[in-house]
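Step one of this worksheet: look at the structure below.
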Amino acid sequence: MFFLVGLPRKSMKAILDIDLEKVLTNLGILESLRQGQLTCGVCGELVTEQNLRCIYPQGTEVRVCCDRPGCVEKAFSNVKRK
Amino acid sequence: MTSSFGDISTPIGVLPWSVTGIVIIVLLYVFTHPEKIDAWKSLLARGFSFAGDRFKRTAVSADIQSHINNFAATMNSESSGAIPYGVKIEWTKETSKEAFIQDGQVVVRMNRFTDQPKNMVYATMAYMSKGFLPHGRIYLDPMIATSADRIMTRKLLASRKLDDALQFYVSDVLEPELQADTVLRDHCAIFEKLDACGFLPAVFAREIEHLGLSKYPAVPNSSLLSETTDFVGFMEKVAEREHGEELPGGTQFLRANIKIAFALIAKTETLASMGMGPHLLWITGCWANGIDTVYVTARGNTQNTTARKIINRLEATGNIQRLAENIVTTYDPTGRPVECLIVALGKK
Chain A
75 MFFLVGLPRK
85 SMKAILDIDL
95 EKVLTNLGIL
105 ESLRQGQLTC
115 GVCGELVTEQ
125 NLRCIYPQGT
135 EVRVCCDRPG
145 CVEKAFSNVK
155 RK
Chain B
220 MTSSFGDIST
230 PIGVLPWSVT
240 GIVIIVLLYV
250 FTHPEKIDAW
260 KSLLARGFSF
270 AGDRFKRTAV
280 SADIQSHINN
290 FAATMNSESS
300 GAIPYGVKIE
310 WTKETSKEAF
320 IQDGQVVVRM
330 NRFTDQPKNM
340 VYATMAYMSK
350 GFLPHGRIYL
360 DPMIATSADR
370 IMTRKLLASR
380 KLDDALQFYV
390 SDVLEPELQA
400 DTVLRDHCAI
410 FEKLDACGFL
420 PAVFAREIEH
430 LGLSKYPAVP
440 NSSLLSETTD
450 FVGFMEKVAE
460 REHGEELPGG
470 TQFLRANIKI
480 AFALIAKTET
490 LASMGMGPHL
500 LWITGCWANG
510 IDTVYVTARG
520 NTQNTTARKI
530 INRLEATGNI
540 QRLAENIVTT
550 YDPTGRPVEC
560 LIVALGKK
């Protein structure tokens, strides 16, 4: 029966580039990003505004990950949904 | 006063049947095809994107939802439930650090619609790592799960004809990964073979998700991981088999958790000389051996017709039921399309 009304949907959080500056400011990491102080929480590569692909929480910290193919997936695997 | 109300309400309250019919059809379509509505939403939002940021966001999110949810609905049907969820993009516009930590979710960065091929690739990869085999994937070797995700991501982009996204995915994501990791390359090659003959969703995904649903959330032990790895190897051998070729070791996979058999319908000449009898006997014997599911597979019109006759005969006994049925277009060595029938049979 559920095929008739489509599959149930699970949410995926996203941020559009036009909102990036405001959100990163609120999270307190915009300056660090611009000063080249943030590294990918998965592979350790330097993350800039160009290669930033996701943001995720780890403990009480805000982590970022780069746009390497496996990094976004690993970030998803590592962060348990609440 | 009463009469004036009556005059006004009559034409509005009682719509002509044609208008009512159209409204019902539209509502029914919206209700039954939510993923197609997203495609229209995205198109409209793109047209109005000059009017505000809200339209820019909708243009991106509705397009991604449309492609992923359409694909998921088809694949979920083919795999009997291995992709049971669609996706809904929720935009983060402003959030405090506390709320972000509390929410505990990954936020994927997207760019405006002009960069939609990249958005599509990252959203699809993120979706597959959670949405494909949500219960079964923990019982797979991580490299096998990643390889299956890679081929499913490519399948989505190709089947939805997202050429730019597919090109970016293959050249910037898949190829560099495969060049750097030979194990991943070998496993992707296996899933490519399984997909080419229709086994990836209809057999592999179906069996692994069913296994997951029966075991989840039990911790995967080494014997279970080794069983699923062997299962992939077994399926590769079946997929590689030439038409009419005998398979060393047979076509039954009978282990502690996965108990399946492939009933491969014989070549036309064999069928002409032997008839359906040997097939009927062999399939019936599978259940006596402890097999749970027999996948009757046939390639080509003659074999498909014979397969259907065999299945009907088995169903007529009242002991066997059809669990799932798929028709997949495969290609023979000359590149000619050949329809392949895959029917899962179980004991009642």
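Chains as they are written, first to last, in this note's numbering: chain A, 75 to 156; chain B, 220 to 567.
Quick reminder that beta carbons are idealized off the backbone N, C-alpha and C, glycines included.
Extent of the continuous alpha helix (DSSP H) run through B:Q324:
Numbered from its first residue, the second sequence carries residue 324 of chain B at position 105. Here B:Q324 belongs to no alpha helix (DSSP H), and DSSP marks it neither H nor E.
DSSP state of B:P556, grouped into three classes?
Position 337 of the second sequence, counted from the first residue, corresponds to residue 556 of chain B. For B:P556, the three-state secondary structure derived from DSSP is strand.
Hey, how far is the Cα of A:L94 from the Cα of B:W259?
Indexing the first sequence from 1 puts residue 94 of chain A at position 20. Indexing the second sequence from 1 puts residue 259 of chain B at position 40. About 27 angstroms.
Quick check on B:L263: does DSSP put it in helix, strand or coil?
Mapped onto the second sequence, residue 263 of chain B falls at position 44. Assigned with DSSP and collapsed to three states, B:L263 falls in helix.
Three-state secondary structure (DSSP) of B:G305
As a working mapping, residue 305 of chain B is identified with position 86 in the second sequence. DSSP places B:G305 in strand when its eight states are reduced to three.
Going along chain B, which residues have a C-beta under 7 angstroms from A:S151?
Position 77 of the first sequence holds residue 151 of chain A. Result: S348.
A:P82, enclosing beta strand (DSSP E) - first and last residue:
In the first sequence, residue 82 of chain A corresponds to position 8, counting from 1. Element bounds for A:P82: n/a, residue is neither H nor E.
Residue-chain proximity (A:K156, chain B), Cβ-Cβ < 8 angstroms
Counted from its first residue, the first sequence places residue 156 of chain A at position 82. Low per-residue confidence applies at A:K156: pLDDT is 44, beneath 50, and the placement is therefore not dependable enough to give any value.
In the DSSP output, which residue or residues are listed as bridge partners for B:T293?
Here residue 293 of chain B refers to the residue found at position 74 when the second sequence is read from its first residue. Note: B:T293 sits in no beta bridge, so no partner.
What residues from chain A crowd round B:Y341, counting only those whose CB sits closer than 7 angstroms?
Position 122 of the second sequence holds residue 341 of chain B. Residues of chain A passing the Cβ test: R127, V146.
Pull the bridge partners of B:K478 from the DSSP assignment, please.
Within the second sequence, numbered from 1, the residue matching residue 478 of chain B stands at position 259. DSSP lists B:L473 as partners of B:K478.
Out of curiosity, what's the CA-to-CA distance linking B:L359 and B:G271?
Counting from 1 along the second sequence, the entry for residue 359 of chain B is found at position 140. Counting from 1 along the second sequence, the entry for residue 271 of chain B is found at position 52. Looking at the two C-alpha atoms, the distance is approximately 45 angstroms.
Chain B within 8 angstroms of A:G80, Cβ atoms only
Stepping through the first sequence from its first residue, residue 80 of chain A is reached at position 6. Yes, A:G80 counts as interfacial toward chain B.
Would you please verify whether the beta carbon of B:Y248 is less than 8 angstroms from any beta carbon of chain A?
Here the question's residue 248 of chain B lines up with position 29 in the second sequence. Judged by the 8 angstroms Cβ criterion, B:Y248 is not in contact with chain A.
Report the option in B:S298, B:A318, B:F269, B:H286 whose CA atom is closest to the CA atom of B:K307.
Residue numbering aside, residue 307 of chain B sits at position 88 when the second sequence is read from its first letter. Closest by alpha carbon: B:H286.
Please classify B:N440: is it buried, with 16 or more other beta-carbons within 10 angstroms of its beta-carbon, or exposed?
In the second sequence, the residue the question calls residue 440 of chain B occupies position 221. By the neighbour-count criterion, in which a residue is buried when 16 or more other Cβ atoms sit within 10 angstroms of its Cβ, B:N440 is exposed.
Proximity winner among A:R142, A:C140, A:N152, A:L81, relative to B:T251 (alpha-carbon distances):
Taking the second sequence and counting its residues from 1, one reaches residue 251 of chain B at position 32. Comparing Cα-Cα distances from B:T251 to each of A:R142, A:C140, A:N152, A:L81, the minimum goes to A:L81.
Per-residue DSSP class, three states only, for B:G565
Here residue 565 of chain B is taken as the residue at index 346 of the second sequence, counted from 1. Correct three-state label for B:G565: strand.
Should B:L393 and B:R373 be called a contact, given that it needs their Cβ atoms to be closer than 8 angstroms?
Taking the second sequence and counting its residues from 1, the one referred to as residue 393 of chain B is at position 174. Taking the second sequence and counting its residues from 1, the one referred to as residue 373 of chain B is at position 154. Closer than 8 angstroms, so yes.
Which bits of chain B does A:V97 rub up against, with CB to CB less than 9 angstroms?
Looking up residue 97 of chain A in the first sequence gives position 23. The contacting residues are T311, K312, E313, T314, F319, V326.
Endpoints, beta strand (DSSP E) assigned at B:E544:
Indexing the second sequence from 1 puts residue 544 of chain B at position 325. Unbroken beta strand (DSSP E) run through B:E544: 539 to 550.
DSSP state of B:V513, grouped into three classes?
Looking up residue 513 of chain B in the second sequence gives position 294. Strand, per DSSP.
Give me the DSSP bridge partner(s) of A:T113.
Locating residue 113 of chain A in the first sequence gives position 39, counting from the first residue. Partner(s): A:L120.
State yes or no: is the beta carbon of B:E428 nearer than 8 angstroms to at least one beta carbon in chain A?
If you number the second sequence from 1, residue 428 of chain B lands on position 209. Answer no: the Cβ-Cβ gap between B:E428 and chain A never drops below 8 angstroms.
Count the CB pairs spanning the stretch 127 to 137 of chain A and the stretch 316 to 325 of chain B that are closer than 8 angstroms, and state whether there are at least three.
yes
Any idea what DSSP makes of B:L576, helix, strand or coil?
This structure gives no information on residue 576 of chain B, because the portion of chain B shown stretches from 220 to 567.
Using only CA atoms, which one of B:D391, B:K275, B:K349 lies nearest to A:R142?
Stepping through the first sequence from its first residue, residue 142 of chain A is reached at position 68. Nearest option by C-alpha distance: B:D391.
Delimiting residues of the alpha helix (DSSP H) encompassing B:P436
Looking up residue 436 of chain B in the second sequence gives position 217. Premise fails: B:P436 is in no alpha helix (DSSP H) and is neither H nor E.
The stretch 458 to 476 of chain B touching the stretch 442 to 449 of chain B, judged by at least three CB pairs closer than 8 angstroms:
yes
First and last residue of the alpha helix (DSSP H) that includes A:I129?
For the purposes of this step, residue 129 of chain A is taken as residue 55 along the first sequence, with counting starting at 1. It is not in any alpha helix (DSSP H) - A:I129 instead sits in the beta strand (DSSP E) that spans 128 to 132.
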